[in-house]
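Colleague: Protein chains in written order, with this note's numbering: chain V, 146 to 462; chain C, 146 to 462.
#1: With a Cβ-Cβ cutoff of 8 Å, do residue 254 of chain V and residue 225 of chain V count as a contact?
#2: Using the Cβ count rule (16 or more neighbours within 10 Å means buried), how would you classify residue 260 of chain C?
#3: Less than 7 Å between C-beta atoms, sequence neighbours within five positions excluded: which residues of the same chain meet that for residue 285 of chain V?
#4: Which residues in chain C sit within 7 Å of residue 437 of chain V, going by Cβ to Cβ distance?
#5: Based on Cα-Cα distance, which residue from C/377, C/305, C/404 and C/366 lies nearest to residue 352 of chain C?
#6: Applying the 10 Å Cβ sphere with the 16-neighbour rule, what's the burial state of residue 235 of chain V?
#7: Check the Cβ-Cβ distances between residue 400 of chain C and every residue of chain V, and say whether any is below 8 Å.
#8: With DSSP collapsed to three states, give me the class of residue 196 of chain C.
#9: Count the other CB atoms within 10 Å of the CB of residue 339 of chain V; is the residue buried (16 or more) or exposed (fewer)?
#10: Which same chain residues, not among the five before or five after residue 391 of chain C, have their C-beta less than 6 Å away from its C-beta?
#11: Under a CB-based cut-off of 8 Å, is residue 417 of chain V close to chain C?
#12: Of the residues that make up the segment 293-319 of chain C, which ones have a beta carbon closer than 9 Å to any beta carbon in chain V?
#13: In whole angstroms, what is the alpha-carbon distance linking residue 294 of chain C and residue 302 of chain V?
#14: I'd like to know if the segment 389-406 of chain V and the segment 304-317 of chain C are in contact, where contact means that at least 3 CB-CB pairs between them fall below 8 Å.
#15: Pull up the distance between the alpha-carbon of residue 263 of chain C and that of residue 187 of chain C, whole angstroms please.
#16: Given 8 Å as the limit, is there contact between the segment 441-459 of chain V and the segment 146-156 of chain V, that is, 3 or more CB pairs closer than that?
#17: Between the Cα of residue 413 of chain V and those of V/402, V/221, V/449 and V/434, spot the shortest distance and give me the residue it belongs to.
#18: Might you give, ordered along the chain, the residues of its own chain that have their beta carbon closer than 6 Å to the beta carbon of residue 281 of chain V, omitting 5 neighbours on each side?
#19: Over the uninterrupted beta strand (DSSP E) stretch that includes residue 156 of chain V, give me the two end residues.
#20: Does chain C have any CB closer than 8 Å to the CB of residue 431 of chain V?
#21: At the level of alpha carbons, what is the spacing between residue 194 of chain V and residue 248 of chain V?
#22: Sorted by chain position, which residues of the same chain lie with C-beta nearer than 7 Å to residue 469 of chain V's C-beta, five sequence neighbours on each side aside?
#23: Should residue 402 of chain V go down as buried or exposed, given a rule of 16 or more other Cβ atoms within 10 Å for buried?
#24: Let me check understanding here. Comparing Cα to Cα, which of V/342, V/211 and V/427 lies closest to residue 363 of chain V?
#25: How would you label residue 166 of chain V, buried or exposed, when you count the other beta carbons within 10 angstroms and need 16 or more for buried?
#26: Less than 8 Å between the CB atoms is what I'm expecting for residue 306 of chain C and residue 452 of chain C, so what's the real figure, rounded?
#27: In chain D, which residues lie with their C-beta within 8 Å of the C-beta of residue 276 of chain C?
#28: Quick one: what's got a C-beta closer than 8 Å to residue 446 of chain C's C-beta in the same chain, skipping five residues either side?
#29: Between which two residues does the beta strand (DSSP E) carrying residue 416 of chain C extend?
#30: What residues from chain C crowd round residue 396 of chain V, counting only those whose CB sits closer than 7 Å?
#31: Mind listing which residues of the segment 318-343 of chain V have their C-beta closer than 8 Å to chain C's C-betas, in chain order?
#32: Please report the distance separating the alpha-carbon of residue 229 of chain C from that of residue 368 of chain V.
#33: In the DSSP assignment, find the unbroken beta strand (DSSP E) run with residue 166 of chain V in it and report its ends.
#34: In chain order, what residues of the same chain lie with their CB nearer than 8 Å to the CB of residue 250 of chain V, ignoring the 5 residues before and after it?
#35: Could you give the distance in angstroms between the alpha-carbon of residue 220 of chain C and the alpha-carbon of residue 323 of chain C?
#36: Starting from residue 287 of chain V, follow its DSSP beta bridges and name the residues at the other end.
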C-alpha cells in the first residue's frame with residue numbers, strides 16, 4: 146500500500162508547529178508546543194513525538210506515514226543536524242534527525258527553516274511552477290531560501306542562503322547576535338524597524354509623531370505600521386528607510402542568481418505597499434540594465450506556519 | 146570517428162582570443178584579433194572564421210571539430226546571443242551563435258565571458274573537482290562566474306552572476322557605465338584602484354608618496370603595485386582599502402551560496418598578498434560563525450586568456 150501522509154515540523158526559537166500533510170499539500174491536522182520549555186533536544190523530541198503520535202493515530206497509524214520532515218534554525222540537510230543555532234537553548238551540534246528516528250522509527254529529514262519555507266512556496270504556494278526564486282522572511286530576524294533550477298541551494302556544507310547576514314550598510318548598526326555591523330537583518334526585520342523607530346525618535350526630538358505616545362516597550366513594528374496607516378510622517382519614513390535598504394539588498398541578490406521572483410513573507414509584509422513600494426523602487430534603481438523590470442517581488446499567499454510545515458513535509462516525499 | 150577538438154573563443158571589448166583545444170584541455174594552437182575593428186558582428190565573424198579556418202585546417206579540418214564555444218560580455222547561453230553589452234560596438238541583441246553557425250557550418254554555443262572562465266577553472270584549473278565555487282575576475286572591470294552543484298548558475302534568463310555590479314558602498318563612488326553608486330566594480334577593479342589612488346592623492350596633498358611622481362595618465366593599478374612593493378605607505382593603503390571592500394563583498398557571496406572556494410583572477414591578482422591578505426581578513430570579519438575559516442580564497446593557476454579559451458571550448462564537449 147502506498148503511504149499517504151507526511152509529517153511536517155517547524156521548529157522555531159519559541160514555538161514548534163507540526164502537522165500531518167497529504168500528497169496534495171492539505172494540512173489535515175496540526176498542533177503546536179513550546180520549543181524553549183526543553184533544556185535538551187532529547188526531551189523536546191520526547192514531547193514532540195508524544196503529540197505527533199496522537200495525530201498519526203488519528204490518521205491510520207505509522208504505516209501511513211512516509212516520513213518526518215523538520216525545518217529548524219541552522220538545520221543542515223546534509224547532516225540531519227542543527228548546528229550552533231543562536232536562538233535555541235540546545236548548543237553545539239544536535240543530531241536531530243537521528244534522535245527523532247530513534248524515538249519514532251520513522252525516516253526523518255532535517256533542513257534549515259527558511260529552506261523549508263521556500264520548499265513550501267515552490268510546491269504549494271505563490272512560487273508553484275517557478276524554477277528560480279528567492280524567499281525572504283521578514284520576521285524577528287531575516288531568513289532566506291534560494292531556489293535555482295528548481296532546487297534549494299545548500300552550498301558545499303549545507304549552510305547556503307544566510308542572506309539576512311549579508312552586509313548592506315558597512316560600518317552600520319551592530320547586530321547583537323553576531324557582533325557584525327550593517328547586515329540586512331538589523332534593518333529589515335521587526336527588530337530592525339523597532340530600532341529604526343527608536344533611533345529616529347531620539348535623534349530628532351522635535352518632529353511630532355504618534356509614535357511618541359507609546360512607551361518604549363510597546364514600540365514595535367506593529368505600532369509603527371498602525372501609526373503609518375494613520376498618516377504619521379515619522380512612521381512612514383521608517384518604512385521608506387527600511388524599504389530602501391531591503392530593495393538595495395534584493396538588487397544584490399538578483400544580480401547573483403537572476404531569479405524570476407522574490408517572495409517575501411513574515412510579519413513585516415503586513416505593512417503591504419508601505420514596505421513593498423519603496424523596496425521595489427530601491428531594487429530597480431540599483432539593478433543594471435539586463436535585470437530591470439523583470440523580477441517580480443511578491444508576498445507569500447501561504448500562512449506563515451503553513452509554509453514551514455508544508456515545506457518541511459515536502460522533504461520526505 | 147570521434148571528433149577530437151573543440152574551438153574556444155574569448156570575445157573581449159578590445160581583443161578576441163581563440164584556440165583549438167583537445168579533450169585533455171591542451172590548447173594546441175591559438176591566435177588573436179581585434180574585436181573593436183569591426184562595426185558589426187557579421188564582419189567580425191567573417192574575419193574570425195577566416196582565421197579559425199587556418200587553425201582548423203592545420204588540425205585535420207572541420208570533420209575533427211565537435212563545435213565552437215564562445216565567451217562574450219553579456220553573452221547569453223539560453224539564447225546564443227550577446228545582449229546590450231556596454232563595452233562592445235555592437236548594440237542591442239546580437240544572435241552570435243546563429244551568425245557563426247551560418248558562416249562556419251559548425252555547431253556553436255555562446256556564454257558570458259566570466260562564466261566561460263569559471264568553466265575553464267572547473268575543468269582544467271584550480272577548481273578542478275570542486276562542485277561549489279565562485280570565480281571573480283579583477284580586471285578593468287569585475288566579472289564573476291558562480292558554480293553550484295557543478296553547474297554554472299545562469300538564472301531564469303541566463304544573466305545570473307553579475308557580482309561586480311552588487312552594491313557594497315551604498316551612495317559611494319559612481320559607476321560611469323551604469324550610473325549606479327557603490328558597486329564592487331568601482332572599487333575592486335584596475336580602474337577602481339586607479340580612482341582610489343587619485344582620490345587619496347588629491348584629498349591629502351601632504352603625505353609624501355612615490356605615486357606623486359607619476360603623471361596622472363600613468364597612474365595605474367600597476368604603478369600602485371610597484372610603489373607598494375617599494376614600501377610606499379599610500380600605495381599600501383590603497384590595496385588595504387581595496388581588499389577591505391572586496392573582502393566584505395566576498396563575505397556576502399559566501400553567505401549566499403556557501404562555496405568551497407573563491408577563485409580570483411585578472412590583473413589585480415598580480416599584487417599577490419598585498420591584495421589577498423586584507424581581502425581574506427575583511428571577508429572573515431564579516432562572516433557569521435558557520436562560514437568562518439572554511440572558504441578558500443585562491444588565485445587562478447591558469448593564464449587569463451587560457452582560462453577563457455578553455456572554458457569557452459568546454460561548452461561544446
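Every residue, glycine too, gets a C-beta built ideally from N, C-alpha and C.
Modeller: If we stick to the structure as given:
#1: yes
#2: buried
#3: 334, 335 and 336
#4: Per Cβ cutoff of 7 Å: no residues; residue 437 of chain V is ~11 Å from chain C at best.
#5: C/377
#6: Flag for residue 235 of chain V reads buried.
#7: Chain V has a Cβ within less than 8 Å of the Cβ of residue 400 of chain C.
#8: helix
#9: buried
#10: 333 and 424
#11: no
#12: Here the close residues are 293, 294, 296, 298, 299, 300, 301, 302, 303, 304, 305, 306, 307, 308, 309, 310, 311, 312, 313, 314 and 315.
#13: 11 Å
#14: yes
#15: 27 Å
#16: yes
#17: Of V/402, V/221, V/449 and V/434, the residue nearest in Cα terms is V/449.
#18: Closer than 6 Å at the Cβ level, and outside the excluded window around residue 281 of chain V, lie 289 and 409.
#19: 150-156
#20: yes
#21: 7 Å
#22: Lying outside 146 to 462, the shown extent of chain V, residue 469 of chain V is not represented and no answer is given.
#23: buried
#24: The residue with the shortest Cα to Cα distance from residue 363 of chain V is V/342.
#25: buried
#26: Not confirmed; about 15 Å, so no contact.
#27: Within the model displayed, chain D is absent; protein chains V and C are what it includes.
#28: So the list reads 270 and 271, once near-sequence residues are dropped.
#29: Here residue 416 of chain C belongs to no beta strand (DSSP E), and DSSP marks it neither H nor E.
#30: 312
#31: 323 and 325
#32: In a straight line, the C-alpha of residue 229 of chain C is about 46 Å away from that of residue 368 of chain V.
#33: 160-167
#34: 207
#35: 18 Å
#36: V/283
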